[in-house]
Amino acid sequence: MIKRAHIRHFLAVADSGSFKQASARLHVTQPTVSTSIAELERLVGTPLFVRDRRHVRLTESGGAFLPIARDLEAGFRRADQFARPVQEQWPGLKLGVIPTVSGAMLERVTRELAREFGIELVEGDDRDLRGQLASGKIHLALTLMAEDEGAPGEVLEEPYLLVMPAAHRFAGRGEVAPQELAGDIMIARRSCEVLQRTSRFFTDAGVRPRFALRSENEDRCMRMVAAGLGVTVAPRSLAGQGTVTAAITGYGLRRRLGFLRGPGLPAEAGERLTAALEIAAASLPSLARDPAAYSGSSSL
381 MIKRAHIRHF
391 LAVADSGSFK
401 QASARLHVTQ
411 PTVSTSIAEL
421 ERLVGTPLFV
431 RDRRHVRLTE
441 SGGAFLPIAR
451 DLEAGFRRAD
461 QFARPVQEQW
471 PGLKLGVIPT
481 VSGAMLERVT
491 RELAREFGIE
501 LVEGDDRDLR
511 GQLASGKIHL
521 ALTLMAEDEG
531 APGEVLEEPY
541 LLVMPAAHRF
551 AGRGEVAPQE
561 LAGDIMIARR
571 SCEVLQRTSR
581 FFTDAGVRPR
591 FALRSENEDR
601 CMRMVAAGLG
611 VTVAPRSLAG
621 QGTVTAAITG
631 YGLRRRLGFL
641 RGPGLPAEAG
651 ERLTAALEIA
661 AASLPSLARD
671 PAAYSGSSSL
């Protein structure tokens with residue numbers, strides 16, 4: 381018999397693409413998740429995941445089973461709430477955010493949303509947040525957007541730039557060739573969405589830098605750039621006080637940030653959310669153009 385635990389473990393692996401991440405999210409051991417998935421595959425009579433050393437992905441049968449599993453989990457949640465007293469729920473809005481959103485940008489967004497909702501922030505990468513949106517675990521995500529996504533006025537486009545200490549020898553330059561950075565020490569932002577493409581770009585240009593720091597902590601990375609420890613490549617909105625930026629010749633990567641909405645908010649809350657987002661999103665382009673001009677950017 382298929383149990384709720386089977387469904388929860390299946391969805392966690394499908395959404396995270398990893399047995400390790402799924403077990404961490406569910407606060408159970410990895411063997412527990414692996415055993416549960418094996419039992420579920422035996423019960424449904426077909427493999428649901430393709431496993432290799434780097435990642436886990438759904439089989440064709442797993443993809444067909446995914447919407448069924450989501451419906452089952454939604455049904456379990458409704459059953460849990462059946463006949464319980466109706467009361468004011470906190471939080472009113474669960475907001476997912478990718479780790480590369482600057483503190484100043486997130487502050488602006490949450491300040492405006494907090495006028496209308498109690499907020500709980502949930503951090504995760506783009507894939508994880510999209511899975512949580514689809515499963516109803518979060519209501520809204522500030523994340524990366526494809527070209528065909530995003531409501532007008534709710535999408536911010538910005539370039540990835542070279543970020544340097546304010547006293548760097550290239551400060552004041554509008555553009556720097558990658559070969560000019562061959563002798564520079566760099567800071568590796570492990571959370572960067574284009575980390576592999578950036579690494580390949582510099583390798584192809586014959587640049588193999590030394591690294592003073594490799595970290596997923598954006599605050600630490602940007603502060604170490606400001607301290608003069610090295611240079612990095614980052615979205616313009618992450619550049620804070622004590623740093624300057626320049627384009628990199630031939631690089632040209634950009635990103636689109638925006639708001640994705642899940643199905644979990646009541647209609648009246650959705651209307652309040654739309655109004656709040658219009659105000660919050662209107663201020664983001666100026667922050668991305670000149671992040672240091674915002675007094676809160678010193679907290680980056």
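Residues in the sequence shown are numbered consecutively from 381, following the working numbering. For glycine and all other residues, C-beta sits at the position ideal for the given N, C-alpha and C.
Own chain partners of residue i with C-beta closer than 7 Å, once the 5 adjacent residues on each side are dropped
i, result
"Pro615", "Thr480, Glu538, Tyr540 and Arg635"
"Gln467", "Low per-residue confidence applies at Gln467: pLDDT is 48, beneath 50, and the placement is therefore not dependable, though the value from the model is reported in the following sentence. Once the five neighbours on either side are set aside, Gln467 has no close Cβ partner at all."
"Gln559", "Ala585, Gly586 and Val587"
"Ala551", "Met544 and Val624"
"Phe687", "Here the chain covers residues 381 to 680 and nothing more, so residue 687 does not appear."
Pair within 8 Å by beta-carbon distance, residue i and residue j
i, j, result
"Thr523", "Leu509", "yes"
"Gly608", "Leu593", "no"
"Phe429", "Ser414", "no"
"Leu452", "Ile387", "yes"
"Glu496", "Ala656", "yes"
"Gly504", "Gly472", "no"
"Leu423", "Ile448", "no"
"Arg549", "Leu633", "no"
"Ser579", "Glu596", "no"
Residues that residue i bridges to, as DSSP identifies them
i, result
"Ser595", "Arg569"
"Gly476", "Val502 and Ala521"
"Gly638", "Thr523 and Val535"
"Phe429", "Leu438"
"Arg590", "Ile565"
"Val556", "Ile628"
"Leu541", "Ala614"
"Thr583", "Paired residue(s): none; Thr583 is not in a bridge."
"Thr623", "Pro545"
Supposed contact pair residue j and residue i - C-beta distance, whole angstroms, cut 8 Å
i, j, result
"Arg405", "Ala385", "Not quite, the Cβ-Cβ distance comes to about 14 Å (not below 8 Å), so this is no contact."
"Ala546", "Gly476", "Going by Cβ atoms, the distance from Ala546 to Gly476 rounds to 33 Å, so no, they are not a contact pair."
"Leu640", "Ala521", "5 Å"
"Leu542", "Ile628", "5 Å"
"Arg569", "Ala626", "Contact flag wrong, Cβ pair sits at about 17 Å."
"Val502", "Ile518", "5 Å"
"Met544", "Ile567", "Not confirmed; about 10 Å, so no contact."
"Ile417", "His435", "With 8 Å as the limit, Ile417 and His435 do not qualify as a contact, their Cβ atoms being about 15 Å apart."
Residue i CB to nearest heavy atom of the ligand FMN below 7 Å
i, result
"Val436", "Of the ligands one can find in the structure shown there are none, so the ligand FMN has no counterpart to examine."
Spatial neighbours of residue i in its chain, beta-carbon cut-off 8 Å, leaving aside the 5 residues before and after
i, result
"Arg450", "Leu391, Ala514 and Ser515"
"Ser678", "Residue confidence is low: Ser678 scores 30 on pLDDT, short of 50, so the model does not pin down where it sits. Its coordinate-derived value is still stated next. If we look at Ser678 and ignore the five residues flanking it on each side, its Cβ neighbours are Gly620 and Gln621."
"Gly397", "His435, Val436, Arg437 and Arg507"
"Thr439", "Thr426, Pro427, Leu428, Phe429 and Val430"
Residue i versus the options, residue with shortest Cα-Cα distance
i, options, result
"Ser441", "Thr426, Glu453 and Arg431", "Thr426"
"Asp506", "Phe399, Glu496, Gly498 and Ala526", "Ala526"
"Asp599", "Leu452, Thr612, His435 and Phe582", "Thr612"
"Gly630", "Ala394, Ala557 and Ala562", "Ala557"
"Gly511", "Phe550, Asp395 and Gly443", "Asp395"
"Ala402", "Ala562, Arg437 and Thr654", "Arg437"
"Gly563", "Leu657, Glu496, Arg588 and Lys474", "Arg588"
"Leu653", "Ala444, Phe456, Lys474 and Glu529", "Lys474"
"Pro643", "Leu493, Ala454 and Ala551", "Ala454"
"Ala649", "Asp528, Met602, Leu493 and Thr583", "Leu493"
"Cys601", "Thr583, Ile565 and Phe582", "Ile565"
Cutoff 6 Å; reference residue i; Cβ partners in own chain excluding five residues on either side
i, result
"Val535", "Met525, Arg636 and Gly638"
"Glu421", "Pro427 and Leu428"
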